[in-house]
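Position one of the sequence shown corresponds to residue 1 (the UniProt record's numbering), numbered consecutively onward.
Ideal Cβ placement from N, Cα and C applies to all residues, glycine included.
Keep in mind the model is a prediction, meaning the values are calculated, not measured.
Contents: one structure, followed by commentary.
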Amino acid sequence: MSAARLYTKMLKEELKEYAYDARVAGLRWSVTAEPEGLQLLVSGYSDKLPVLARRVAQAFRQVLDRCAALEGPAPAEGEGGPEAAARRKARAQFEKHRQAMLKDYANFEVEASYQRAMYYARLALEQDAWHISEYAAAVRSPRCTPAAVARTAAAVLGRTQARAFVHGNAGGAEAAALAAEVAAALRLEEAAPLPEGEAKEWRRVALPAGRPVVVEQATGNPREENAAVEVHYQMGVFGEQGDYEKEVLLDLVNQLAYTSAFRQLRTEEQLGYIVSTTTRRSGSPAAVGGFSVIVQGPHHPPAHLDERVEAWLAKFRGELAALSEEEFKQNVEGLVSLKLEKCVRLAEETSQLWAELAAGPRRRDFRRARRQAAQLRALARPQLLAFFDRYLAAGAPERRKLSVQVHAPAHRPAV
């Protein structure tokens, strides 16, 4: 991943001047490195967009070839002619990006406590996840060279699955032609196919039922005053196409919980300035989801914050039981409105459609929002309480809890 990210930084450097002209012409582009591979996004006026897409794709190979040519030691200053000077310049650019990445990784140590709690929660829940210090070590290593970056990029482009999505003012023939142009510029005809079974899949760690998992970490900033906790309740694998009952119940619980948790933990108990609830979803081919409560404050250690979250959760169960039928329906319809809200910009719709395409055939559903809205409207109050009692209540049969606790220096135990 570190080599792939360095590669994208060098690609952006290569296209810096060209990108300015593209912005003036109403065009945008981005390249990101993800665990699944490299993603290229180009947007703007349809008559000019193919030119930019082709140019960015060509730069993929140009940067790769230039990095590969930097194998071996750099020429000494003043040694050689223009070619040696170009090699020194390319190496200096590479070193600039390498140092920038190391600085980005170092900044993790001064992030807020709640951000660290969320980061460690994600790390604990994902299989094959690498800590940011491991990425930094890879970039700091003497083996991190332009040639090594070139080998990584060549491996990605040399054995691959390629997906193209053209959305907007383009017909089928135009979309196919644009995809073919980009593929040709990337020289994908030379690539070996990547079998479906070898493609990267996000896998989640299954938390044990009935036994909480506690992860304790110290904040990396000696001046940090706040402790933080993320308390996560994992709810297992969500249904695949068309079966959204568990997902919409999770969304409904979160909608009702957000105000309740803030009022109790922030306003009444004044545990800290940051109190929120959220949902976590990730994984392929089947998504795994859960409910999280995040609290950050300067007055108490994170174990106390965890205890207060549990106390609030028990109180929240009573609030759910006391919901009138009218209040229940109002919350359902509010969530339905959010699900069915129309995209204002083309980019929003593109993002939604691409997420479905990337989800894979077992999860892909272009009518997801409508099906979820229908599932919501079919819910009854007893289902909401049964869902809570199954996954969230203390002693629930399928309760799977993760508590990530970040300690501030003022009340730090030996961790």
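For residue i, three-class secondary structure by DSSP
i	result
Leu-27	strand
Lys-315	helix
Pro-35	coil
Lys-342	coil
Cys-144	coil
Val-156	helix
Pro-193	strand
Val-275	strand
Leu-41	strand
Val-290	In the sequence under discussion, the amino acid at residue 290 is Gly, which differs from the Val named in the question. In the structure shown, Gly-290 sits in a strand (DSSP, three-state: E or B).
Gln-296	strand
Ser-282	strand
Arg-204	strand
Leu-323	coil
Ala-138	helix
Gln-161	coil
His-131	coil
Asn-331	helix
Rounded separation between residue i and residue j - CA only
i	j	result
Leu-249	Arg-377	11 Å
Glu-333	Phe-387	19 Å
Pro-285	Leu-38	Residue placement at Pro-285 is flagged as unreliable, the pLDDT there being 42, under the threshold of 50; a coordinate-derived value is accordingly withheld.
residue 423	Val-156	The chain is shown from 1 up to 415; residue 423 falls before or after that span and cannot be answered.
Ala-311	Ala-394	10 Å
residue 428	Arg-390	Given a span of 1 to 415 for the chain in the structure shown, any question on residue 428 remains unanswerable.
Leu-40	Gly-318	49 Å
Pro-208	Val-214	12 Å
Gln-115	Leu-265	18 Å
Ala-314	Asp-128	34 Å
Gln-270	Leu-384	29 Å
Gln-352	Ala-86	43 Å
Val-309	Val-336	28 Å
Arg-163	Pro-382	43 Å
Arg-280	Phe-238	12 Å
His-97	Asp-104	10 Å
Local Cβ density within 10 Å of residue i, reported as buried at 16 or more and exposed below that
i	result
Gln-99	exposed
His-131	exposed
Thr-32	exposed
Glu-325	exposed
Ser-30	exposed
Arg-263	exposed
Glu-224	buried
Asp-306	buried
Residue of the options minimising C-alpha distance to residue i
i	options	result
Ala-206	Met-1, Lys-315, Glu-398	Glu-398
Asn-221	Ala-106, Leu-384, Gly-360, Ala-261	Ala-106
Ala-410	Ala-218, Arg-368, Val-31	Ala-218
Ala-138	Ala-408, Leu-6, Leu-15	Leu-6
Gln-161	Asp-47, Phe-238, Glu-36	Glu-36
His-407	Asn-331, Ala-147, Ala-117, Gln-234	Ala-117
Val-253	Val-237, Ile-274, Gly-289	Gly-289
Host alpha helix (DSSP H) of residue i (start-end)
i	result
Val-166	No alpha helix (DSSP H) holds Val-166; DSSP gives it neither H nor E.
Val-51	49-68
Thr-8	2-14
Leu-123	113-125
Gly-172	172-185
Asn-254	245-261
Pro-382	381-391
Glu-95	82-106
Gln-264	Neither: Gln-264 is in no alpha helix (DSSP H) and is coded neither H nor E.
Arg-368	368-377
Residue i: first and last residue of the uninterrupted beta strand (DSSP E) it sits in
i	result
His-232	227-237
Glu-216	213-218
Leu-402	400-407
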